[in-house]
Amino acid sequence: MNGFPPIADTAFAEAPWLLVVKSIVIFGVMFAILPLLTVLERKLLGRFQQRYGPNRVGPVGLLQPLADVGKLLGKEHFRPDGAVPFLFAIGPLLVVLSGILAIAIIPFGNVVDGVGLYGIDVSIGILYFFAVGSIAFYGLLLAGWSSGSKYSFLGAMRAAAQLISYEVAMGLSLLGVIFMAGSLSLVDIVEAQSGLWFIVPQIVGFLVFMLAGFAETNRTPFDLPEADAELVAGYQTEYGGMRFGSFLLAEYIEITVVSAIGAAMFLGGFLGPGPDWLGPLWMGIKTFVLILMFIWIRATIPRVRYDQLMSLGWKILLPIATLNALVTAVVVTLT
Amino acid sequence: MPDAVGLELIAKEINAAHEGAVRETGHEYGSATLVIAAGKNLEVLRWLEETPGQEYTFCSSVHGADYLPAEPRFAVHYELLNRDRVERIHVKALLGDPSAGTDDRWGEGPLPTLRSSVGIFPTAEFQEREIYDFFGIVFDGHPDLRRITMPEDYVGWPQRRDFPIGGEPVIFTNTERERAGWYE
Amino acid sequence: MLDPRTKLEESKIADQFAGRGLNPLIEDPDGAVVTPMVESETSTDEQVMTINMGPHHPATHGVLRLVVSLKGEYVLDLKPVMGYVHTGIEKSCEQKSFWKAIPFVERMDYLSYFFQMQAYCGCVERMIGMEIPKRAEYLRIIHMELNRIHSHLVWLGTTALDLGAMSMFWYCFNVRDRILDLFEMSAGQRMHTRYFQVGGVAEDIPVGFTEKVKAFCRETPERVDQYEALLDRNEIFLQRTRDVGIVSRERLLELGVTGPLLRAAGEPWDLRKVTDYLPYGDFDFSVPVGTVGDNYDRYRVRVAEIRESIKIIEQAVEGLPEGPHIADDRKYVLPPRDELGTSMESLIHHFKLVTEGFRVPPGELYNPVEGPRGETGCFIVADGSAKPARVHFRDSSFINLQSLKDMCVGGLVADLIVNLAMLDPILGGIDR
Amino acid sequence: MKEVLFWIGAIGAIGGAAAVVALRNPFYSVLALIAHLVSIAGLFLILQAEFIAAAQVVVYAGAVMVLYVFVAAYVGGIEEPKLDAIPGQRPLAFLVGAAIFIELSIAIVASGLLALDSGGPEVALGFGSPAGVGKLMLERFLIAFEAASLLLLIAAIGAVVLAERRRRDESDAEEALG
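Protein chains in written order, with my numbering: chain C, 3 to 337; chain R, 62 to 245; chain H, 86 to 517; chain U, -5 to 172.
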């Protein structure tokens, strides 16, 4: 038992130093892409709305996130009198943390030349995604509760209720895929799709998953926790500076993670023509397509009302997802 | 709007029902005016609203005016409308100034009073508050008579003709302590 | 209630908040809520939360403040508080001569400036008994209807934004910008044009204006179709607007509500049809009405009004008569610029009008026009001098705002925002 | 490395548990309980029981505690009356606490300490994996598992029924009042 302990039951053992290098590479690449994602979203929204979007900082506005981050860092760390200092600071931290933790299980490829192209391939796989996702809930709730503002409080309550409602539907929507693949490991699930992408037999699951994904990431049309028309900015109302930026960062991380999970579970992940080492490219393209969907829908669709959101989650998505899981289970058992 | 003869008939009928309610009538610029005694405003309004054949059921506007040198000084105007016949009638309730003759630039003297018409026309609620706010005319029986546009602690009735304008220092948060009571 | 000032003191613990243990009117002067999050007032199980919406809330369309009592997400009570942009325009008008007050009155409701100018100028014209030329009337109608489209477009964009459909905002403002370009072309200003004068309009339209208006009329219906395609068949939009914020027609009439709100409840009341302040009778247009008076009807009525306005503009541009753009009455109307160098008499008239202004015989008059939000009325008292003794505007958003409570109580907070947006209040007009 | 992780987890778990009891504000108590549960999940990870760890986080932190947090956030801050509900509650509490402590100590001394030097129980490969847990639950312990589910279902339905009855009583009372 020397060095790093084998914390989890992994399918493929790797040298500890390799794990460290992999985490640094994945972390670095993700954080290089995220700022570009913000520019992309703003540029695309601009095009959707007959305007230009950012185009002043750097070539075609590519350096805009640098300017934004610089601005946010330079802001005062404002905290309202009524806030609880420690919890107020820890809220954004938890939200970002849960997003980053979830990146670990995204598979960018199978084992190539003795290196698994993923953070870690654990046997609980997708369960881990839900475990860290439930941490995000506390980030939002603490942020809203500790701000000492009614808008924040209402926003946090909405966020929390929404998160737990849709987590159930999301979990059930993935059950079908898990039944068909016979494994929780994301790599196994992707490999199981070599014949046919799961989006074809599991189209219902995919739709439920994406809808729940919109709700989980608080994006339009389910961006009620931060519905600027009603609650100013929900749980973020009292935040400024880089703490506010953390929420923004977390939102983009979550979008990426949900898209990546969706791509891995339904769109065949890293599978594609060409040699194995092209896996990350295919995975990236599929994730990107799903991210584009997030942006497109934001530009088009109005926001639902809170009670409509709840009844959609509990009365429509949950039964559909359950039924889908049941039918899949029966079919898988019979064949 | 009713023509001149019709207006006289209306005035006569109102006076028959409520003695001394209509003081005079006016018919200018194609607009019919009933000048009424302030104490009878509700009776006249109700008569105009309810009497068959009149039915001025829609209250377009309620506003005040200050005719300073004249006496009585204030007036509250009701613009009534019959939507079926598209006829407007303009009812003007004249009000004297109880603090006439004194130097009452800041409106600290007794205030003219009129009965509120909110019971007949719910639309008058905001507008009567506005008249109170600007002219200091009290509406008796108004459910929530507070200033509406000016700050709640404002002193004076700014739309009166003798309200001093110009030269008032403006209160900002950084000067409020030094200038407290600037109006005295 | 003898002395209202004692009432004012008492109202500091205003009755309507009695029992809540908190009067937000006094305790939160800036609207930033730092009071305890849930007032656990008494031992009742009811958790009533009082929220200050505004005055700097992003969705109150200005600096309106709503003191809302909530139980959970349901609205128990609601009080509008206004006055944050009160600028004393009515008082200021009393210090200006009649024709110099025009730029003031158009700045009240900043989305319907032509209507306020028409209410004011029409009132003065009626008082001095002036007939304005046919061409000026048509030009006024063209500009007022463009203004109505402009106002409805701003309304549509901001309402859609409140509903979360952010792209609509940009689409609407794109078209609105074209209208502002037209205003700039004819009047030299994009907003607050001071284009209407007592006696007609300030300037004749430039060459090419009618072509641009025609092009606008040709292209805009297609845009409106696209907006409808985006919203009408969107299930979320329908769910959020259908059967929300219903107020009966009778109640609306009691509250003095006019304009699209009243028409959405099924009352075909439109001053353009029933009065003749401008020759609207020359044009063929219809008055759209709704059925039940929910938010969806309000939306449909306004969008239909955009189409009807386009129809009016098309006909007005088509039948635009030749002739002078302003009445030829030197007592009230500035002489043409070119006469000043050659005619002594014109110079004297010009000097008298610019320095002193014209006098209006003593009298008082209320003159209503149909604005984009309902009846916009102007009440003027003249005392025989060159300055009005009293200018009052009946602002339709001010009156309509009273119906907000009827729309919202018992509904959800989220619907409150939609209701407010559908009410289309303009705070500049409400506070004046 | 393993020892460091264990100590972090152990301190987190015991500290969290102590804080739950010690803190006066119910909201903070709930937060401390969450910290405790997450620490326990960490300890499970060290034992290579990642399924149990994830289940711990998903079920307890993600579902059960959420309700606690909701209640504490909404109702939090209300001072409970400082009265002894049962006479002599305090001394009794100390007695019961001491009894439980002694019982646990015996259990730990008897079995836990003995296992200190051993390498732990020998388990087959795949023990504790999702598949293994599933097999145990749905094959060997099926009846116990289903009975527990049924019990929980009955409890949930009962809670709903009770809450509904209470609400109806309240609305009746409100109607009676006015």
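We put the CB at the ideal spot given by N, CA and C, even for glycine.
Taking 8 Å as the cut-off, the Cβ atoms of Phe200(R) and Glu189(R) count as close. For Ala154(R), the uninterrupted beta strand (DSSP E) run begins and ends at 148 to 156, by DSSP. Between Pro165(H) and Leu486(H), the CB-CB gap stays under 8 Å. Under the Cβ criterion (8 Å, minimum of three pairs), the segment 466 to 475 of chain H does not count as touching the segment 303 to 320 of chain H. The Cβ of Pro124(U) sits closer than 8 Å to at least one Cβ of chain C.
Interface residue (Cβ-Cβ distance to chain R less than 8 Å): Gly366(H) is not classified as such. Where Asp310(H) is concerned, the enclosing alpha helix (DSSP H) starts and stops at 294 to 317. Proximity of Val41(C) to chain H, defined by a Cβ-Cβ separation below 8 Å, is not satisfied. Arg44(C) counts as buried, since no fewer than 16 other beta carbons sit within 10 angstroms of its beta carbon.
The residues Val71, Leu74, in chain order, have a CB closer than 7 Å to that of Gly247(C) in the same chain once the five nearest residues on each side in sequence are set aside. When the alpha-carbon of Ser177(H) is set against those of Tyr169(H), Gly168(H), Val190(H), the nearest one is in Val190(H). Linking Glu256(C) to Ala183(C) through their CA atoms gives a straight-line distance of about 25 Å.
With a minimum length of 4 residues, the unbroken runs of alpha helix (DSSP H) contained wholly in the segment 10 to 76 of chain U fall at 20 to 40, 44 to 49, 59 to 69. Across the segment 205 to 237 of chain H, CB contacts with chain R closer than 7 Å involve Arg211, Met212, in sequence order along the chain. Contact between Pro345(H) and Arg383(H) holds, with the beta-carbon distance rounding to 6 Å and staying under 8 Å. CA-CA distance, Phe370(H) to Pro457(H), rounds to 16 Å. Any Cβ of chain H closer than 8 Å to the Cβ of Asp127(R) would place that residue at the interface, and such an atom is present.
Distance check between Gln204(C) and each of Leu325(C), Leu143(C), Phe50(C) places Leu325(C) closest, using alpha-carbon atoms only.
Leu292(C) places its beta carbon less than 8 Å from that of Ala265(C).
Under the 8 Å criterion on CB atoms, Thr219(C) is classed as non-interfacial with respect to chain H.
For Pro223(C), the chain H residues whose Cβ falls inside 8 Å of its Cβ are Gly249, Ile321, in order along the chain.
Residues of the same chain with a CB within less than 7 Å of the CB of Asp83(C), apart from the 5 flanking positions on each side, do not exist. Using a Cβ-Cβ cut-off of 8 Å, Asp262(H) does not count as an interface residue toward chain C, since no Cβ of chain C sits closer than that to its own. Ranked by Cα distance from Phe80(C), the first of Pro275(C), Thr302(C), Gln238(C) is Gln238(C). Beta-bridge annotation (DSSP): Thr461(H) is paired with Val454(H).
Shown here, Pro165(H) sits in a strand according to DSSP, grouped into three states.
Our two residues, Ile213(H) and Pro446(H), have alpha carbons roughly 7 Å apart in a direct line.
Residue contact with chain U for Ala133(C): present (Cβ-Cβ distance below 8 Å to some residue of chain U). Around Phe45(U), the beta-carbon contacts reaching into chain C at under 8 Å are Ser125, Ile126, Leu129. Under the Cβ distance rule, Gln274(H) does not count among the residues neighbouring chain R, no pair being separated by less than 8 Å.
The Cβ of Thr86(R) sits no closer than 8 Å to any Cβ of chain H.
Within the segment 325 to 344 of chain H, Arg336, Leu338, Glu339, Leu340, Gly341, Val342, Thr343 place their CB atoms closer than 9 Å to a CB of chain R, listed in sequence order. For a Cβ distance threshold of 9 Å, residue set Gly173, Lys176 of chain H lies close to Pro219(R), ordered along the chain. Considering only Ala87(U), Ala7(U), Ile137(U), the residue with the shortest C-alpha distance to Leu37(U) is Ala7(U). With contact defined as three or more Cβ pairs closer than 8 Å, the segment 243 to 259 of chain H and the segment 268 to 280 of chain H are not in contact.
When the five nearest sequence neighbours on each side are left out, the beta carbons in the same chain lying within less than 6 Å of the beta carbon of Leu143(C) are those of Ala158, Ala162, in order along the chain.
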